[in-house]
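Beneath this line is the structure, given in structure tokens, with notes to follow.
2 protein chains.
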Amino acid sequence: MTYVLYELAGKDDHKFSPYCWHSRMALAHKGLAFESRATGFTDIPGVCGGQHKTVPILEMGEKSICDSWAIADYLEETYPDRPALFSGPEGRNFAAFVFDWTNKVLFPQIAPCVMLDIHDQLYPRDQAYFRESREARIGKTLEAFQEGRDERIEKFGSHLGPLRQALENSPFLCGEKPMYADYVAFGAFQWARTSSPFKLLRENDSVSAWFERCLDLHNGEGRNAPAFY
Amino acid sequence: MTYVLYELAGKDDHKFSPYCWHSRMALAHKGLAFESRATGFTDIPGVCGGQHKTVPILEMGEKSICDSWAIADYLEETYPDRPALFSGPEGRNFAAFVFDWTNKVLFPQIAPCVMLDIHDQLYPRDQAYFRESREARIGKTLEAFQEGRDERIEKFGSHLGPLRQALENSPFLCGEKPMYADYVAFGAFQWARTSSPFKLLRENDSVSAWFERCLDLHNGEGRNAPAFY
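Chains B and V, in that order, are what the protein sequence lines are.
Numbering that gives the first Met the number 0 puts the first sequence at residues 0 to 228.
Numbering that gives the first Met the number 0 puts the second sequence at residues 0 to 228.
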């Protein structure tokens, strides 16, 4: 049986979903081979008999699992003898804490820096759906939403305090080696890097150094994927 | 040798500093006896020969340590056979992440709900210092700063997502049992509870249930201390 990971993709094969990156890094962390299948937003109903509404979806033969948390838990349960994603409940809770913080604090900062660029790199068949659904949600055009990012980015670094504090004494959030909490935070920056040429991080920041280390993990799983920089 | 913990206190012996609570809970967690010494803001220069600028200060005979992180690290190093405060570097990083998040996200929400009440319960000798230094920092009177808290508190719960997400599957942030990350977050809510009768948490919230569990820890170390509710 080969694992198949359905991941959001754009026309230049950029896999850009932060949640799909959680699962891709988790698979690589466990040393599991998988086939990545590029999936457009409007392709999802055609995947696995239409039983899932979102990606990532991990397919194994007849079975499939949707949702990055469900996938992480499945991998941890199924492969207890391979490198751990969580050092027990505390590690899972740390990742959960970072997950919510990433969604609530980082994403609202990143989205208006990359949203139009995401649209532009989508498969043409996805663009109308994306524009319509996102513009309804944000209440303005994608163009207006992304405008002014050069000024806004100046303050981006001020939101990274929790990452900096955690990285003060070790190379990864989880210590000497990365675990799932690292991949959760990594997904946010990799989302930006695969969606847009617009850079979020200053080079002399400890978060930037950590992100570069994450890109190199597992034989450059993150660095070698198609991206803008 | 008996440990002495110098803690910020007000006139009704309310120990109200969130950072001092980190250290008090850490000492209790390690099962160490200590003498708590109530300290006003303006008393600090007279403690331990004036060598420290802030509390908590942990004094052991001739030696003393200032700063809640230094105290936690000292306790963890000195008592490796007693219950661990950190499950290794990951656990320390989790606590560091929560520490920054607490300072940057929770404190700015809590401070304008309790700042005038803190002033009112201080030793009279501390009140002028506190009013002057805080009003200079916030740019308005303590009275104006605290005004409107009944309306502001409505949105307080929306900031607690990371705690809720981490508490979804276990009673404490650190899993089945509390560790230092729990005490760091606990300090924020205990700060409010020892400073002001104004309640922050709704009773049917998972964060409220966790806080109650924390209050009961170590023979009610948190619950039995003088407080407003």
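In this text, a Cβ means the ideal position worked out from N, Cα and C, and glycines have one as well.
Just the chain B side, please: which residues come within less than 8 Å of residue i by C-beta, in chain order?
| i | result |
| --- | --- |
| PHE185/V | What PHE185/V touches in chain B: nothing, since even the nearest Cβ is about 14 Å away. |
| LYS103/V | GLY160 and PRO161 |
The beta strand (DSSP E) with residue i in it runs from where to where?
| i | result |
| --- | --- |
| PHE33/V | 33-38 |
| GLU58/V | 56-59 |
| CYS65/B | 62-65 |
| LEU199/V | Segment: none, LEU199/V is in no beta strand (DSSP E) and carries neither H nor E. |
| TYR5/B | 2-7 |
Output, in chain order, the set of chain B residues within a Cβ distance shorter than 7 Å of residue i.
| i | result |
| --- | --- |
| GLU167/V | ALA95 |
Give me the Cβ distance between residue i and residue j, rounded to the nearest whole Å; I'm assuming they're in contact under 8 Å.
| i | j | result |
| --- | --- | --- |
| LEU115/V | GLN145/V | 4 Å |
| CYS213/V | PRO177/V | 7 Å |
| TYR182/V | MET0/V | 24 Å between Cβ atoms; not a contact. |
| VAL113/B | PHE197/B | 6 Å |
| ILE43/B | PRO55/B | 11 Å between Cβ atoms; not a contact. |
| LEU26/V | LEU4/V | 7 Å |
| ALA187/V | THR101/V | 5 Å |
| ALA191/B | LEU172/B | Their Cβ separation, rounded to whole angstroms, is 18 Å, which puts ALA191/B and LEU172/B out of contact at 8 Å. |
| ALA143/V | THR193/V | Not really, about 23 Å apart at Cβ, beyond 8 Å. |
| PHE93/B | PHE98/V | Contact doesn't hold; Cβ gap of about 13 Å is too wide. |
| LYS10/V | TYR78/V | At roughly 34 Å, the Cβ-Cβ gap does not stay under 8 Å, so LYS10/V and TYR78/V are not in contact. |
| HIS13/V | GLN120/V | 6 Å |
| LEU199/V | ILE152/V | 7 Å |
| GLU250/V | PHE85/V | It is not possible to answer for residue 250/V, since the shown part of chain V is limited to 0 through 228. |
| ARG201/B | SER207/B | 6 Å |
Start and end of the alpha helix (DSSP H) containing residue i?
| i | result |
| --- | --- |
| VAL206/V | 205-219 |
| PRO17/V | 17-28 |
List the residues of chain V that residue i touches, going by C-beta distances under 8 Å, in chain order.
| i | result |
| --- | --- |
| CYS264/B | Residue 264/B lies beyond the residue range present for chain B, which begins at 0 and ends at 228; the question has no answer from this structure. |
| MET24/B | The premise fails here: MET24/B is roughly 16 Å from chain V at the closest Cβ pair, so nothing lies under 8 Å. |
Interface residues of chain B around residue i at Cβ under 9 Å?
| i | result |
| --- | --- |
| PHE250/V | Any question about residue 250/V goes unanswered here, given that chain V covers just 0 to 228. |
Can you list the residues of chain V that residue i reaches, using a CB-CB cut of under 7 Å?
| i | result |
| --- | --- |
| ASP99/B | GLY160, PRO161 and GLN164 |
Taking residue i as the query, report the chain V residues whose CB atoms sit under 9 Å from its CB, ordered along the chain.
| i | result |
| --- | --- |
| MET178/B | GLU89 |
Answer yes or no: the CB of residue i versus the heavy atoms of the ligand ADP, is any distance below 7 Å?
| i | result |
| --- | --- |
| TRP20/V | Ligands are entirely absent from the displayed structure, and the ligand ADP is therefore not among its contents. |
| request: Mind checking the stretch 68-93 of chain B against chain V and listing, in chain order, the residues whose C-beta falls within less than 8 Å of any C-beta there? | output: Shown in chain order are the members of the stretch 68-93 of chain B whose Cβ falls below 8 Å from a Cβ of chain V: SER86, GLY87, PRO88, GLU89, GLY90, ARG91, ASN92 and PHE93.
| In the stretch 106-178 of chain V, which residue ranges form an unbroken alpha helix (DSSP H) of at least 4 residues, counting only runs that do not cross its ends? | Correct list: 106-119, 123-137, 141-145, 148-151 and 160-165.
| field | Segments of 4+ residues assigned as alpha helix (DSSP H) that fall wholly inside the stretch 70-97 of chain V | value | Those alpha helix (DSSP H) runs which fall completely within the stretch 70-97 of chain V and span 4+ residues do not exist here.
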